[in-house]
Amino acid sequence: MEQEQMIFSVSEANNFIKTLLDQVPQLQEIYVRGEISNYKLYPSGHHYFTLKDESGAMRCVMFKGQATHLRFRPENGMKVIAFGRISVFPRDGAYQLYCSELSPEGVGDLHVAFEQLKEKLYKEGLFDSSHKKPLPKYPQRIAIVTSSAGAAVHDMIRILRARYPLAKVILLPVRVQGVEAPPEIVGALRYANKWKVADVIITGRGGGSIEDLWAFNDERVARAIYDSEIPVISAVGHEPDVTIADFVADARASTPSNAAEIAVPDQRELRRRFALLESRMTQSETVRLQYQRKRWQELSRKRVMLDPMAFIADKRMLLDYTQTRLSAFAQQQTSARRQRFGSLCASLDALSPLKVLSRGYAMARDEHGAVVKTAADVEIGGIIDVVLGRGSLRCRVENRNLEDRDDGKNV
Numbered sequence: 008m009e010q011e012q013m014i015f016s017v018s019e020a021n022n023f024i025k026t027l028l029d030q031v032p033q034l035q036e037i038y039v040r041g042e043i044s045n046y047k048l049y050p051s052g053h054h055y056f057t058l059k060d061e062s063g064a065m066r067c068v069m070f071k072g073q074a075t076h077l078r079f080r081p082e083n084g085m086k087v088i089a090f091g092r093i094s095v096f097p098r099d100g101a102y103q104l105y106c107s108e109l110s111p112e113g114v115g116d117l118h119v120a121f122e123q124l125k126e127k128l129y130k131e132g133l134f135d136s137s138h139k140k141p142l143p144k145y146p147q148r149i150a151i152v153t154s155s156a157g158a159a160v161h162d163m164i165r166i167l168r169a170r171y172p173l174a175k176v177i178l179l180p181v182r183v184q185g186v187e188a189p190p191e192i193v194g195a196l197r198y199a200n201k202w203k204v205a206d207v208i209i210t211g212r213g214g215g216s217i218e219d220l221w222a223f224n225d226e227r228v229a230r231a232i233y234d235s236e237i238p239v240i241s242a243v244g245h246e247p248d249v250t251i252a253d254f255v256a257d258a259r260a261s262t263p264s265n266a267a268e269i270a271v272p273d274q275r276e277l278r279r280r281f282a283l284l285e286s287r288m289t290q291s292e293t294v295r296l297q298y299q300r301k302r303w304q305e306l307s308r309k310r311v312m313l314d315p316m317a318f319i320a321d322k323r324m325l326l327d328y329t330q331t332r333l334s335a336f337a338q339q340q341t342s343a344r345r346q347r348f349g350s351l352c353a354s355l356d357a358l359s360p361l362k363v364l365s366r367g368y369a370m371a372r373d374e375h376g377a378v379v380k381t382a383a384d385v386e387i388g389g390i391i392d393v394v395l396g397r398g399s400l401r402c403r404v405e406n407r408n409l410e411d412r413d414d415g416k417n418v
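Here the numbering used here = 1-based position in the sequence shown + 7.
This is the structure in C-alpha cells:
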C-alpha cells in the first residue's frame, strides 16, 4: 500500500520552514555584513531595510525595542554589520534577518552618531558664531553644572577662588555619565536660566573614553546649551576631547581647569593693572598740578594781580578820553548844522512872498482866503483883501479887465 502524500496549506508550509530555520543554531546568532538600502522608519518605531552586496540582498527588520539602543541613525548606502537571527515571516513566506544589533563597519557607532548629530546641528545653525554670547568680564556668580564627586569640580572651585574670590560659586550637581546624565544636565541648565542663578555657567567633566563623555554629545544637552540665555562655557575632558557641547557653547575650554581660568579674571593681573592705573593717574595729576602751579605763578606776576585798581584807573582814563572826543565831535556837528541852518534860512527868506511884497508888490486874496491869480477869479462887486508890504486893504471890485494888459483904471 502506497504511503499517502501529505498536502500542506501555504501557512503550514511557511510555519514548517520557519520551524526548520529556527532549529538551526548558526542562524539564531549570525553576523551579516552588507550595505543598507531601502531604509524606512515607521511611526511604530520599527526599522525596515535591506542588506545587499554585489550579488545578493536580504530583507531585515529591527524592532523598536532593539532600535532604542542605536547610537546612530542608519542611512542608505551605509556599510554595516548586523547581528540577529534569520527566520521566516509566515504571512509573506519570505525569510528575513531579525536584527538586534547594528554597527557601522570599520567605524564605531558612537563616532558615526557624533558625526551625524554634528552635521545636523551645523545645518540648523546651532554652531554659528552670531549666536554666541560674550562672557561677562567680572561675573558676580558662577554656576558649575557637573558631578559633585569628580576631581574636576574641586579643581574649578580652587582655581576660581584663587583667581577671583569676589565671585560666588554655585554648584548644580548632576550625573555626567550614563543614561540619566543628559536629562539631569538639561534640567540644571534650565533651572539656572529660569531663576537667573548666575552670570555665567560652566558645564563639563573630566576626561574619559568617548562612552564616558557621551552625555555631552546628546542632542538634548546641545539644544539646552543653545537655548541658554546665560553664557555657557563647555569644559569636557582634556585637550584632544571634542564634544557636541563644545561646538554649541558660547566658549570652549580645553579642560575644566581652563574653563575656570576663562570664566574669571586673575586677581593678580587686576592688581597689576590697578597699580599701573594708579601710577598713571598719579603721574597725570602731578603733571596737571605742575602746569597749574606754573600758570598761577604767571598770573601772579601780571599787573592786574599786583595792582587790582590799575585796571579801573586805565578804564577811567579811557572814559575821559572818549568823553573828550565825543564832546568835540558833538560841537563840530552842532557848528556844522548851525551853518547849514543859516544857509537854508537865507534861501527860504529870499524865496519868501513877504520879501517880494516889501519891494512894492501886493497879493490879492478872495473872501475865502484863496490867492487871486487872474481877474476872472473875482466877480464885480466882490470883496478882496490886498496884502501889502506892510498892512492890507479890503477892496470892492467895481470893474475888471479880463485882458492881459492893465492900465490901472479898472480897479
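Positions of the beta carbon are idealized from the N, C-alpha and C atoms, including for glycine.
Distance between beta carbons of residue j and residue i, contact taken as under 8 Å
| i | j | result |
| --- | --- | --- |
| Pro272 | Tyr171 | 6 Å |
| Ile177 | Ala267 | Wrong, their Cβ atoms sit about 14 Å apart, outside the cutoff. |
| Val228 | Val183 | That belief does not hold up - the Cβ atoms of Val228 and Val183 are roughly 10 Å apart, past 8 Å. |
| Ala382 | Leu409 | 5 Å |
| Glu112 | Lys86 | 4 Å |
| Leu28 | Val95 | 6 Å |
| Gly213 | Ala159 | 4 Å |
| Ser154 | Val181 | 7 Å |
| Gly396 | Ser365 | 4 Å |
| Gly41 | Met69 | Not confirmed; about 14 Å, so no contact. |
Status (buried if at least 16 other CB within 10 Å, exposed otherwise) for residue i
| i | result |
| --- | --- |
| His375 | exposed |
| Gln103 | buried |
| Phe281 | exposed |
| His54 | buried |
| Arg98 | exposed |
| Gly398 | exposed |
| Asp327 | exposed |
| Ala320 | exposed |
| Val418 | In this prediction, Val418 has a pLDDT of 44, which is less than 50 and means its spatial position is unreliable; what the coordinates show is noted afterwards. With fewer than 16 other Cβ atoms within 10 Å, it is exposed. |
| Met163 | buried |
| Phe56 | buried |
| Asp60 | exposed |
| Ala132 | Looking at the sequence shown, residue 132 is not Ala but Gly. So Gly132 ends up on the exposed side. |
| Cys67 | buried |
| Asp248 | buried |
| Arg259 | buried |
| Ser16 | exposed |
| Met13 | exposed |
C-beta neighbour in chain D for residue i, strict 8 Å
| i | result |
| --- | --- |
| Ala383 | Annotation note: the requested chain D is absent from the structure, which comprises a single protein chain. |
Test item: CB-CB of residue i and residue j under 8 Å
| i | j | result |
| --- | --- | --- |
| Leu58 | Ile37 | no |
| Ser261 | Glu246 | yes |
| Met370 | Val394 | yes |
| Leu196 | Ile232 | yes |
| Asp257 | Lys139 | yes |
| Val152 | Leu179 | yes |
| Ala242 | Gly211 | yes |
| Val363 | Asp373 | no |
| Ala317 | Arg308 | no |
| Gly52 | Lys71 | yes |
| Ile88 | Ser62 | no |
Proximity winner among the options, relative to residue i (alpha-carbon distances)
| i | options | result |
| --- | --- | --- |
| Trp202 | Val228, Asn45, Ala150, Arg78 | Ala150 |
| Val39 | Asp60, Asn224, Phe90, Thr329 | Phe90 |
| Gln33 | Arg92, Gly214, Tyr49, Lys47 | Arg92 |
| Arg78 | Ser286, Asp373, Ser261, Val186 | Val186 |
| Gln147 | Phe96, Ile208, Ala188 | Ile208 |
| Phe134 | Pro141, Leu142, Lys125 | Lys125 |
| Lys144 | Lys380, Gln274, Gln299 | Gln274 |
| Gly84 | Phe121, Asn45, Met69 | Asn45 |
| Ala199 | Ala270, Arg168, Asp234 | Asp234 |
| Ala120 | Glu236, Ile391, Glu218 | Glu218 |
| Pro3 | Asp60, Val204, Arg230 | The chain is shown from 8 up to 418; residue 3 falls before or after that span and cannot be answered. |
| Ile387 | Arg302, Asn406, Ile14 | Asn406 |
| Cys106 | Ser16, Arg300, Ile269, Gln73 | Gln73 |
| Ala169 | Ala270, Ala205, Gly215 | Ala270 |
| Ala188 | Glu226, Arg287, Tyr298, Cys402 | Glu226 |
| Ala205 | Leu142, Gly215, His161 | Leu142 |
Check: Are there three or more Cβ pairs, one per stretch, closer than 8 Å when the stretch 16-23 is compared with the stretch 61-81?
Finding: Cβ pair count under 8 Å is below three, so no.
Notebook entry, point to check: Contact between the stretch 327-342 and the stretch 351-368: three or more CB pairs below 8 Å?
Noted result: The answer is no - the stretch 351-368 does not touch the stretch 327-342, with fewer than three Cβ pairs under 8 Å.
Checklist line | Sufficient close CB pairs (3 or more, under 8 Å) joining the stretch 246-259 to the stretch 212-227 | finding: Taking a contact to require three or more Cβ pairs closer than 8 Å, the stretch 246-259 and the stretch 212-227 qualify as touching.
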